[in-house]
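Structure first, then comments.
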Amino acid sequence: MLTVFWSMQVGYASAQNEEDILRYSVYQIGGNARAVALGGATGAMGADMSALSNNPAGLGLYRKSEFTLSASVFNASNSSAYFSQTTKTGNTSFHFPNLGVVKANTRQRKGKPVDKGWMNYNFGFSLNRAASYNSTTDFAGMNNSSSYLQSLAQQANGTDYNQLSNFTDYGLAWKVYLIDTVGNNSAEYKSSIPQGTGLLLQQFYRAEREGRINDYNFSFGTSYNDVLYLGATLTLSSVRFRVSSSFYEGDVYDTINSSTVPFDAELNPYSSMRISDELNTSGFGINGKLGLIYSPFEFIRIGAAYHTPRYLSMNDYFSKSISVGFDDGSFASVSSGEGYYEYTIQTPGKSMFSITGILPKKGLINVDVEQVDYRNGKLKSSDYSFSEANQMANQFYRKAMNIKAGAEYRYGYWYFRGGYAMMGNPYKSSIITNKEGRTRTVTGGVGYRKGDYYLDCAFATAKSTSFYTPYIMVSGAETPTAVNTIIRNSFIVTGGFKF
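If you read the sequence shown in my numbering, its first letter stands for residue 148, the second for the next number, and so on.
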């Protein structure tokens, strides 16, 4: 791991950085139950509501109009290891991940459907949950090598105390005398806890996140000679994200006042502290999708699609506070007040290639391959260049490949489905290895279709690994890191009918 990378993973800073780009660039497998059960591999399948958000050319394969509605239960569980201690948390939520309607229109000549040329023109609308951020992360452990206060003093170095911001942890720590200047130097700092052996501090971190990206898709699809299918989608996106986090550190064994780790007499005798952050983000975005499907034979469909970069207009409300308990029983706290900032995120575009093999009245096999260059994501603002954050995105991220595969078998009115997806590592391997950075999803489901009505169920479980550090140690000790194993489970039910 590169040490510099961890500086961008520290807690929550009110400043926007390249992690915001990645958060809104990585989409999860979702949609209706059939698409989820197939591992999200529906790019060349067509005639499914997932086409509106995946490959809109699939809209051209509809012969009847259709309405569909999905409901889902989503659970995210997190197991975090920090200083040899494991902490487990979970979060469950309910939502409607997909709703859609397609209006099929067959071209007619002299009152009869045409049998060649441009044969239909279909319109569709869908609401699709593209990402869900609901989760809780906890980790705790006994740190015998460093204190957050030491890191805060190191972070503050080089900034005159008159210029310290209330929206930084070290700015608030200076106000309650947890860090202070060294002698007459107004830009060099020391903490109330010097570095040394014998230190043993209890540390605990919690972050509660909630939010989502909802895509509103307006689509058009058509077919030519039932061989070539073309489609386009205009997508409007609504973003909501909230995170409430806190970091606690306490000298529960009174090691700081021992002779091994003497307390700095010029600063307040410290017993414990808690730093809390609040972030509320809302945004609105737009992008487009273009697609085609070519069927050279009845049993083969080949698809390609391109999703343009998404432009998100974002609004952040954020605040920070610190509370401190001292050895004499006194207490102090200070807060930043609420900050507000407007900015724009440009997420990278995505190209997709697909193939579907069809066994008439028996089943099908789908494979999708996607390519996303996460280096192309950017932060923008009218009053700030974000050059450093954009440079970090280019330095840390890379081009990634996503592979999805799914199969469906028909037995009478019943349909049995299974799928697998591997979402590529967005980080360069020198930052996080490919094995650690990938997200693997296993899916399955069953459906019942009779006449114009159908009911589908699906289950998906996704596993990924992430790393989190509460603070950076520039020198004197190693930076502490928590290893998080995240498992996301979804159960989806979809009902619909054709008309």
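Positions of the beta carbon are idealized from the N, C-alpha and C atoms, including for glycine. It should be emphasised that the depicted structure is a prediction, and the values quoted were computed from it without experimental measurement.
Cβ-Cβ separation between residue 358 and residue 388: approximately 4 Å, consistent with a contact (criterion under 8 Å).
The DSSP assignment places 534-543 as complete runs of the alpha helix (DSSP H) inside the stretch 506-567, in order along the chain (cut-off: 4 residues).
Under the three-state reduction of DSSP output, residue 163 falls in the coil class, being neither helix nor strand.
Contact annotation: residue 394 and residue 617 have beta-carbon atoms nearer than 8 Å. Residue pairing for residue 448: DSSP places it in a beta bridge opposite 503. The beta carbons of residue 177 and residue 260 sit about 35 Å from each other, so the pair does not count as a contact at 8 Å. Counting only residues of its own chain and dropping the five nearest sequence neighbours on each side, residue 308 has a CB closer than 7 Å to the CB of 321, 328 and 333. A straight-line Cα-Cα distance of about 11 Å links residue 438 and residue 200.
Secondary structure at residue 422: strand, using DSSP grouped into helix, strand and coil. By the neighbour-count definition (other C-beta atoms within 10 Å, threshold 16), residue 548 is an exposed residue. DSSP, reduced to helix, strand and coil, places residue 197 within a helical segment of the structure shown. In this structure, DSSP gives residue 346 a state outside helix and strand, which the three-state scheme calls coil. Counting along the chain, no alpha helix (DSSP H) covers residue 217; the unbroken beta strand (DSSP E) around it starts and ends at 213-229.
In the structure shown, residue 318 falls within a helical segment according to DSSP collapsed to helix, strand and coil. By the neighbour-count criterion, in which a residue is buried when 16 or more other Cβ atoms sit within 10 angstroms of its Cβ, residue 478 is exposed. Nearest in C-alpha terms to residue 487, of all of 481, 446, 467 and 376, is 467. For the pair residue 588 and residue 567, the CB atoms are nearer than the 8 Å cut-off. With a contact defined as Cβ atoms closer than 8 Å, residue 638 and residue 219 qualify at about 7 Å. Taking C-beta separations shorter than 6 Å and ignoring five residues to either side along the sequence, the partners of residue 583 in its chain run 612, following chain order.
Put simply, the stretch 598-605 does not touch the stretch 270-289. Fewer than three CB pairs are less than 8 Å apart.
With a cutoff of 8 Å on beta-carbon distance, residue 231 and residue 286 are scored as not near each other. If you check the CB distance, residue 350 and residue 399 do not come in under 8 Å. Residue 234 and residue 420 have their C-alpha atoms roughly 21 Å apart. The residue from 622, 633, 631 and 493 with its alpha-carbon nearest to that of residue 292 is 622. For residue 276, the uninterrupted beta strand (DSSP E) run begins and ends at 265-279, by DSSP. Per the DSSP secondary-structure output, residue 327 pairs in a beta bridge with 337. In this structure, residue 204 places its C-beta atom within 8 Å of the C-beta atom of residue 378. In summary, residue 476 is exposed, with fewer than 16 beta-carbon neighbours lying within 10 Å of its beta-carbon over all protein chains present. Looking at the DSSP output, residue 181 shares a beta bridge with no other residue. In the DSSP annotation of this structure, residue 208 is not part of any alpha helix (DSSP H), being labelled neither H nor E.
With contacts defined by Cβ atoms closer than 8 Å, residue 374 and residue 441 form a contacting pair. Using a Cβ-Cβ distance cut-off of 8 Å, the stretch 552-561 and the stretch 526-539 are not in contact, since fewer than three pairs of beta carbons, one from each stretch, lie closer than that value. Taking a 10 Å sphere around the C-beta of residue 573, we find 16 or more other C-beta atoms and assign the residue as buried.
Non-local C-beta neighbours of residue 207 in its own chain, meaning closer than 8 Å and more than five positions away in sequence, comprise 193, 267, 269, 368, 369, 370, 376, 377, 378 and 440, ordered along the chain.
For residue 355, the secondary structure class from DSSP, reduced to helix, strand or coil, is strand.
Excluding sequence positions up to five before and after residue 447, its CB lies within less than 8 Å of the CB of 502, 503, 504 and 505, all in the same chain and listed in chain order.
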